[in-house]
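Engineer: Numbers given in this note's numbering equal positions in the sequence shown, counted from 1, plus 42.
We put the beta carbon where it would ideally sit given N, CA and C, even for glycine.
Please read these numbers as outputs of a predicted model, since none were measured by experiment.
A single structure is presented below for examination.
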Amino acid sequence: MHRVIKRNGRKEDFNVSKIIRAIEKAMLESKEGLDAQLCSLIASQVDKRLTGSDEVTIEQIQDTIEDLLMECPRKELAKIYILYRYERSKARVKENKPGYKLLDDNFISKYKHIASPLKQYGNFVYYRTYSRWLEDENRREYWYETVRRAVEYNCSLVPTSKEEAEKLFHNVFSLKQFLSGRTFWVGNTKVTDNYPIANYNCAFEIINNFEAFKDLFYLLMVGAGVGVRILKSDVEQLPSLRTDFEIIHKFYAPVKKDEREDNTGIKFSHGNSAEIIVGDSKEGWADSLEYFFRLIYSNGYHKVKTIIINYNNVREKGEKLKTFGGTSSGHESIKNMFTKIEKVILKRGIESNSGKVRLRPIDCLDIANIIGENVVVGGVRRTAEIALLDPDDKEAIEAKNNLYKNIDGQWIVNDELFHRQMSNNSIYYTEKPDRDKLHWQIEQMRYSGEPAWVNAGAGAKRRPNMNGVNPCAEILLDDKGLCNLTTVNVFSFVNSDGTLDREGLLEAQRLSARAGYRMTTIELELPRWNATQKRDRLLGCSLTGWQDMINATGFSKEQEKELLRQLRTVAKEESAKYAAVLGTTQPLLVTTIKPEGTLSQLPTVSNGVHFSHSPFYIRRVRINAHDPLVRVCEELGYPIFPEVGQTESSCTTKVIEFPIKSPVGKTKSEVSALEQLEIYKLFMEEYVDHNCSITVHVRNNEWDAVEEWIWNNWDDVVAVSFISLDDSFYKLLPYETIDENEYNKRVTAMKPFTPHLLAKYEQAELALDAGNDGCDKGVCPIR
43 MHRVIKRNGR
53 KEDFNVSKII
63 RAIEKAMLES
73 KEGLDAQLCS
83 LIASQVDKRL
93 TGSDEVTIEQ
103 IQDTIEDLLM
113 ECPRKELAKI
123 YILYRYERSK
133 ARVKENKPGY
143 KLLDDNFISK
153 YKHIASPLKQ
163 YGNFVYYRTY
173 SRWLEDENRR
183 EYWYETVRRA
193 VEYNCSLVPT
203 SKEEAEKLFH
213 NVFSLKQFLS
223 GRTFWVGNTK
233 VTDNYPIANY
243 NCAFEIINNF
253 EAFKDLFYLL
263 MVGAGVGVRI
273 LKSDVEQLPS
283 LRTDFEIIHK
293 FYAPVKKDER
303 EDNTGIKFSH
313 GNSAEIIVGD
323 SKEGWADSLE
333 YFFRLIYSNG
343 YHKVKTIIIN
353 YNNVREKGEK
363 LKTFGGTSSG
373 HESIKNMFTK
383 IEKVILKRGI
393 ESNSGKVRLR
403 PIDCLDIANI
413 IGENVVVGGV
423 RRTAEIALLD
433 PDDKEAIEAK
443 NNLYKNIDGQ
453 WIVNDELFHR
463 QMSNNSIYYT
473 EKPDRDKLHW
483 QIEQMRYSGE
493 PAWVNAGAGA
503 KRRPNMNGVN
513 PCAEILLDDK
523 GLCNLTTVNV
533 FSFVNSDGTL
543 DREGLLEAQR
553 LSARAGYRMT
563 TIELELPRWN
573 ATQKRDRLLG
583 CSLTGWQDMI
593 NATGFSKEQE
603 KELLRQLRTV
613 AKEESAKYAA
623 VLGTTQPLLV
633 TTIKPEGTLS
643 QLPTVSNGVH
653 FSHSPFYIRR
663 VRINAHDPLV
673 RVCEELGYPI
683 FPEVGQTESS
693 CTTKVIEFPI
703 KSPVGKTKSE
713 VSALEQLEIY
723 KLFMEEYVDH
733 NCSITVHVRN
743 NEWDAVEEWI
753 WNNWDDVVAV
763 SFISLDDSFY
773 KLLPYETIDE
783 NEYNKRVTAM
793 KPFTPHLLAK
803 YEQAELALDA
813 GNDGCDKGVC
823 PIR
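Structure below.
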């Protein structure tokens with residue numbers, strides 16, 4: 043019996059079943075499918091060729107498999123196996139990987155010993171959202187440590203000068219500009235070693251094959267927000283599915299920790315039964331979904347009537363997740379996913395009275411949402427999805443109409459359809475709708491918020507191969523496309539005398555473009571997504587605090603236009619120059635405006651192109667009631683309340699209040715809907731390559747004018763959102779206007795946020811939401 047030396051130096055007995063599973067995986071990727079007899083034959087030959095060696099390494103075993111696959115009649119298997127091995131090698135974590143130290147301790151010490159620029163509210167948001175747990179220190183990161191980690195990661199992707207790294211660090215530390223929220227969370231951690239795509243805010247794909255569901259599952263698990271296009275013409279490309287199958291969920295008997303398999307395997311028996319053995323990893327979960335679909339659409343498996351799903355390798359509920367943080371939810375969430383997907387497919391079979399069915403867009407929408415629901419329950423992150431639908435697809439457009447049922451006068455959630463809340467749904471117009479349809483569209487957004495729309499024609503003028511968008515619709519994407527976003531806080535470059543530090547602002551924009559471009563040099567773990575990334579190299583150079591800057595400087599409209607043009611030119615020229623230096627392709631699109639819902643809260647400036655709420659207001663933040671941050675805020679005497687409908691003794695969510703003062707100038711209530719739409723138009727004409735994210739606040743008497751404006755400007759409007767602006771008061775609203783006296787009273791009573799107090803209440807990492815923190819209304823996936 044051989045002893046196998048694993049990569050970590052541990053030794054274990056040679057296990058031929060692992061060889062079989064590896065070869066099975068290659069076969070399942072091939073056109074000819076699985077040949078169990080050939081698979082067993084090759085596996086036994088591996089054992090024979092290693093005879094005479096008491097100890098063998100993983101690499102020796104893999105080399106032997108490659109040799110035998112090359113010698114067997116099915117040469118394509120060797121290629122598939124080699125590619126798989128290569129991709130796994132790229133993504134594998136090196137536990138002893140040395141840190142990249144462009145920023146030395148002497149430089150960092152200047153920032154370590156000065157006060158953080160974050161104020162009470164910004165500090166709270168930072169510790170809630172971006173500060174990682176440091177196991178060795180038994181505490182969460184401080185601001186300078188998070189900035190160092192993220193900046194060093196970004197600057198390590200290609201050779202970067204120490205001077206540039208220091209400039210970028212200084213600006214980020216000083217809240218003048220930001221890397222993506224995703225990189226703040228995962229940069230320079232084991233996550234980015236194993237899952238580089240976890241850096242990306244935005245992704246999009248077309249649901250025109252079943253592999254797309256596997257990719258969706260994986261992307262959501264690593265924290266990306268994903269747009270999916272589910273048009274009738276897309277779904278028609280899916281192969282038909284058999285309905286003459288049943289799923290049996292094998293009784294859960296968890297294997298020992300050191301015996302778990304990360305990879306998903308499949309076993310066939312009796313000619314009509316297949317057992318999917320779900321691996322304990324993100325890749326394993328995604329593969330299990332792919333295997334399930336393949337068993338019911340591939341003609342090679344038409345005899346398989348029973349699909350057994352074995353969850354024994356899935357770690358038990360409550361066990362710590364070391365890479366992404368938090369704790370495992372166990373196997374129930376993925377089991378529920380398979381149960382609900384099976385129900386969607388079999389229901390379609392019953393309705394069509396057929397043993398083979400073609401899914402409709404509503405079915406694919408359900409499956410995408412069920413996957414998202416599993417990710418929310420199955421990990422520690424939120425799910426952000428947008429579904430793009432045909433204008434005439436009534437059943438998909440009305441998918442959420444029955445989300446709640448009225449039972450005895452009370453609205454109760456429909457558990458069968460609750461997964462449909464996972465996506466925001468938008469109509470994908472390839473042609474301008476007629477006036478009646480547009481009126482209906484505006485009315486829908488006015489009264490229920492959905493469906494919104496995406497104007498594919500306007501997008502195609504900016505990018506001819508635009509096929510969809512990310513969940514916030516500010517990035518124009520092709521199939522299997524993604525983007526990492528960066529931000530400059532424009533308001534931070536206003537001097538105390540009201541003048542603008544233009545030179546500093548433009549330098550920050552150059553740094554923003556270069557930081558964004560470096561993110562396009564990453565080798566991604568999904569080959570098709572990597573190919574699109576390398577082809578397009580999309581940047582997303584965004585701006586925030588814009589209206590605060592305009593208020594502070596008093597810029598005229600012409601000055602505003604001129605500055606936007608200058609910022610756009612600088613970003614495009616710098617990225618093109620950087621690409622030339624690196625010998626890589628120029629980015630297809632460079633500039634955008636994202637919602638800026640979370641990052642703008644760190645310096646507490648107006649989000650993106652939006653106006654601040656009012657001169658003085660209360661900002662309420664919701665947080666897990668068990669988060670140690672709540673205890674800190676309680677000790678500091680901050681106003682804290684249980685969530686509406688919950689009691690103090692049993693609440694799961696707490697609401698904390700922070701007083702905010704806006705810079706002097708226009709605020710949300712002083713700006714008409716048409717003025718906001720003209721701001722959108724201005725940014726689209728003078729700055730934005732992609733799309734400008736905006737939520738237009740509309741008064742009751744403005745909706746007709748809004749419809750007229752959209753009708754007249756349709757050809758240049760990619761996507762906008764609307765929300766009614768009214769003065770209705772509800773308990774614990776996110777924003778509440780107050781007067782100056784109330785603001786001063788609250789500020790006087792509010793002690794500075796003290797991070798050191800966290801150590802008093804936090805002795806270990808908590809299972810917090812480590813994924814996508816939403817923007818206004820929870821729509822945006824950007825952390």
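Within the continuous beta strand (DSSP E) that includes H481, where are the two ends?
Structural biologist: No beta strand (DSSP E) holds H481; the alpha helix (DSSP H) holding it covers R477 to Y489.
Engineer: Under 8 Å, do L524 and K636 count as touching if we go by C-beta distance?
Structural biologist: In this structure, K636 does not lie closer than 8 Å to L524 by Cβ.
Engineer: Nearest to N649 by alpha carbon, out of H291, C734 and L407?
Structural biologist: With distances taken between Cα atoms, N649 lies closest to C734.
Engineer: When you compare the stretch 392-412 with the stretch 262-282, are there three or more beta-carbon pairs, one atom per stretch, that lie closer than 8 Å?
Structural biologist: With a cut-off of 8 Å, the stretch 262-282 and the stretch 392-412 count as touching, because enough Cβ pairs lie within range.
Engineer: Counting only the same chain and skipping the five closest in sequence on each side, list residues whose C-beta sits under 8 Å from that of T627.
Structural biologist: Correct list, in chain order: K576, R577, R579 and A621.
Engineer: Which residues mark the beginning and the end of the alpha helix (DSSP H) in which D235 is found?
Structural biologist: Counting along the chain, the alpha helix (DSSP H) containing D235 begins and ends at K232 to N236.
Engineer: Keeping to the same chain, check which residues put their C-beta closer than 8 Å to that of E108; ignore five residues upstream and five downstream.
Structural biologist: Result list for E108: A120, Y123, I124 and R127, in chain order.
Engineer: Is it buried or exposed for M112, if we count other Cβ within 10 angstroms and need 16 for buried?
Structural biologist: Its Cβ having fewer than 16 others within 10 Å, M112 is exposed.
Engineer: Examine the Cβ distances between the stretch 79-91 and the stretch 331-346 and report whether three or more of them are shorter than 8 Å.
Structural biologist: Touching, no.
Engineer: At what residues does the alpha helix (DSSP H) containing C81 begin and finish?
Structural biologist: Residues A78 to R91.
Engineer: Rounded to whole angstroms, what's the CA-CA distance from G499 to P506? Just pull it up for me.
Structural biologist: Between G499 and P506, the C-alpha separation is close to 9 Å.
Engineer: Does the stretch 685-703 touch the stretch 729-743, meaning 3 or more C-beta pairs lie closer than 8 Å?
Structural biologist: Contact fails: fewer than three Cβ-Cβ distances are below 8 Å.
Engineer: At which residues does the alpha helix (DSSP H) containing D105 begin and terminate?
Structural biologist: Note, D105: alpha helix (DSSP H), I100 to E113.
Engineer: When the distance is taken between beta carbons, is F334 closer than 8 Å to I319?
Structural biologist: No. Outside cutoff.
Engineer: Looking only at its own chain, which residues have a Cβ that is under 6 Å from the Cβ of P140, when we skip the five neighbours before and after it?
Structural biologist: Interpretation of P140 is limited by its pLDDT of 41, a score under 50 that renders its predicted location unreliable; no figure is taken from the coordinates.
Engineer: Going straight from the alpha carbon of Y260 to that of I61, what length do you get?
Structural biologist: If I take the Cα positions, the gap works out to 25 Å.
Engineer: In the DSSP assignment, find the unbroken beta strand (DSSP E) run with A245 in it and report its ends.
Structural biologist: Start and end: C244 to I248.
Engineer: Please name the residue in S598, T563, A550 and A573 whose C-alpha comes closest to that of S584.
Structural biologist: Measuring from the Cα of S584, the nearest candidate turns out to be A550.
Engineer: Can you have a look at D478 and say buried or exposed, based on whether 16 or more other CB atoms are within 10 angstroms of its CB?
Structural biologist: Exposed: under 16 other Cβ atoms inside 10 Å.
Engineer: Output the boundary residues of the beta strand (DSSP E) element that contains Y785.
Structural biologist: Run containing Y785: none in the beta strand (DSSP E); it sits in the alpha helix (DSSP H), E782 to A791.
Engineer: Could you spell out where the beta strand (DSSP E) holding D590 opens and where it closes?
Structural biologist: D590 -> not in any beta strand (DSSP E); alpha helix (DSSP H) instead, spanning W588 to T595.
Engineer: Do three or more CB pairs link the stretch 707-726 to the stretch 445-460 at distances below 8 Å?
Structural biologist: Segments in contact, no.
Engineer: Give the single residue among V674, P681, E54 and A761 whose Cα lies nearest to the Cα of I504.
Structural biologist: For clarity, residue 504 is Arg in the given sequence; the question names Ile instead. Selected option, being the one with the closest Cα: A761.
Engineer: Could you give the distance in angstroms between the alpha-carbon of K117 and the alpha-carbon of L110?
Structural biologist: Approximately 10 Å, taken between the alpha carbons.
Engineer: Does the contact criterion of 3 or more C-beta pairs under 8 Å hold for the stretch 532-551 versus the stretch 179-192?
Structural biologist: Verdict: no, contact absent.
Engineer: Report the three-state DSSP secondary structure of N509 (helix, strand or coil).
Structural biologist: Correct three-state label for N509: coil.
Engineer: Excluding five sequence neighbours on each side, which residues of the same chain lie with their C-beta closer than 8 Å to the C-beta of Y446?
Structural biologist: Answer for Y446: W453, I454, V455 and N456, listed in chain order.
Engineer: Taking the CB atoms as reference points, tell me whether L431 and N467 lie closer together than 8 Å.
Structural biologist: Going by C-beta atoms, L431 is nearer than 8 Å to N467.
Engineer: Taking the Cβ atom as the reference point for each residue, do F246 and V511 lie within a distance shorter than 8 Å?
Structural biologist: Taking 8 Å as the Cβ cut-off, F246 and V511 qualify as a contacting pair.
Engineer: With 16 as the cutoff for other CB atoms within 10 Å, does L451 come out buried or exposed?
Structural biologist: The sequence as given places Gly at residue 451; Leu does not occur at that position. Label assigned to G451: exposed.
Engineer: Do I272 and E384 come within 8 Å of each other at the CB atom, strictly closer than that value?
Structural biologist: Not closer than 8 Å, so no.
Engineer: Which runs of the alpha helix (DSSP H) at least 4 residues long sit entirely within the stretch 551-613? Give them in chain order.
Structural biologist: Runs of the alpha helix (DSSP H) inside the stretch 551-613: 569-578 and 588-595.
Engineer: Would you tell me roughly how many angstroms separate the C-alpha atoms of V532 and K218, rounded to the nearest one?
Structural biologist: One C-alpha to the other measures close to 7 Å.
Engineer: Could you round the C-beta distance between A192 and N230 to whole angstroms and report it? I think they count as a contact, below 8 Å.
Structural biologist: Contact flag correct, Cβ pair sits at about 7 Å.
Engineer: Going by C-alpha to C-alpha distance, which of M561, F220 and I698 sits closest to V189?
Structural biologist: Of M561, F220 and I698, the residue nearest in Cα terms is F220.
Engineer: Flag this pair as yes or no: are the beta carbons of Y163 and Q643 separated by less than 8 Å?
Structural biologist: Yes, the pair counts as a contact, with Cβ atoms nearer than the cut-off.
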